[in-house]
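Per this note's numbering, the sequence shown starts with residue 31, numbered consecutively. Positions of the beta carbon are idealized from the N, C-alpha and C atoms, including for glycine. Nothing here was measured: the structure is a model prediction, and the numbers come from that model.
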Amino acid sequence: MAGFGTVLFLVLFTQAAIGCTFSIIGLALPMLARDFGVDTSVIVWVLFAPQLVSGMLSTPLGRLADLYGRKACWFCGCLVHLVSMLGCGFAPSIGWLICARSLTGIGWALEGPSGGAIAMSCYPVDKRGYVISWSTVVNTLAASMGMILGGLLLS
31 MAGFGTVLFL VLFTQAAIGC TFSIIGLALP MLARDFGVDT SVIVWVLFAP QLVSGMLSTP
91 LGRLADLYGR KACWFCGCLV HLVSMLGCGF APSIGWLICA RSLTGIGWAL EGPSGGAIAM
151 SCYPVDKRGY VISWSTVVNT LAASMGMILG GLLLS
């Protein structure tokens, strides 16, 4: 069985991946719009689709994780996130890109609640503030790093 530090690291790593994939795309929107030949009203769905899907599914998929196992749901979320990112990279059209980004939202909705619950359950009540603190720091840094990495990749 993995130690508490390993579990926390893995959960925080996936949270960082969520934060980066959330923020990295914002800088690429003008280039994507130009490359796919679409206007702003279409390209914003690349940014908003995963947020919408994740927001709608986080609670029901969190409940699913409670019923059928947090670890299994978290792992499925990681897998869905990975597959969706590959789909984004190979999307031949804007429709495919929006669908792949929507699939990313499903991955986020599986990873987020189950990952947080896994991390919290590994620590005693008096140490859970530690988990929440690290989670907050990682989420904030990942969102910032996503913008920096996006800028480096696009330049």
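Contacting residues, own chain, Cβ-Cβ under 8 angstroms from residue i (five flanking each side not counted)
{"i": "Leu-179", "result": "Cys-50 and Ile-54"}
{"i": "Ile-148", "result": "Val-37, Val-41, Arg-100, Lys-101 and Trp-104"}
{"i": "Ser-123", "result": "Phe-66"}
Unbroken alpha helix (DSSP H) run spanning residue i, endpoints
{"i": "Leu-171", "result": "158–184"}
{"i": "Ala-63", "result": "59–66"}
Inter-residue Cα distance where the pair is residue i and residue j
{"i": "Gly-107", "j": "Arg-100", "result": "10 angstroms"}
{"i": "Leu-87", "j": "Asp-156", "result": "30 angstroms"}
{"i": "Cys-25", "j": "Ser-165", "result": "Nothing can be reported for residue 25: it is not among the residues displayed for the chain, which extend from 31 to 185."}
{"i": "Trp-138", "j": "Val-74", "result": "19 angstroms"}
{"i": "Arg-64", "j": "Tyr-160", "result": "44 angstroms"}
{"i": "Ala-121", "j": "Ser-174", "result": "25 angstroms"}
{"i": "Leu-11", "j": "Ala-46", "result": "In the structure as shown, the chain starts at 31 and stops at 185, and residue 11 therefore has no counterpart that could be examined."}
{"i": "Ala-172", "j": "Thr-44", "result": "10 angstroms"}
{"i": "Arg-93", "j": "Gly-67", "result": "40 angstroms"}
{"i": "Gly-142", "j": "Ser-185", "result": "31 angstroms"}
{"i": "Leu-62", "j": "Ser-114", "result": "17 angstroms"}
{"i": "Val-56", "j": "Gly-181", "result": "In the sequence on display, residue 56 carries Gly and not Val. Straight-line Cα distance between these residues: approximately 10 angstroms."}
{"i": "Met-150", "j": "Ala-79", "result": "29 angstroms"}
{"i": "Pro-90", "j": "Ala-130", "result": "21 angstroms"}
{"i": "Gly-85", "j": "Leu-140", "result": "11 angstroms"}
Close Cβ partners of residue i (< 6 angstroms) along its chain, the five nearest in sequence each way excluded
{"i": "Ser-144", "result": "Ala-95, Arg-100, Cys-103 and Trp-104"}
{"i": "Val-168", "result": "Leu-42, Gln-45 and Ala-46"}
Close beta carbons around residue i, own chain, < 7 angstroms, minus the five adjacent residues each side
{"i": "Leu-127", "result": "Val-76, Cys-118 and Ala-121"}
{"i": "Ile-136", "result": "Val-83, Leu-87 and Val-110"}
{"i": "Leu-59", "result": "Ile-73, Val-76 and Leu-77"}
Contact with chain C by residue i, beta-carbon distance below 8 angstroms
{"i": "Ser-71", "result": "Within the model displayed, chain C is absent; a lone protein chain is all it includes."}
Which parts of the region 69–138 are runs of the alpha helix (DSSP H), unbroken and 4 residues or longer, counting only runs that do not cross its ends?
70–98 and 100–119
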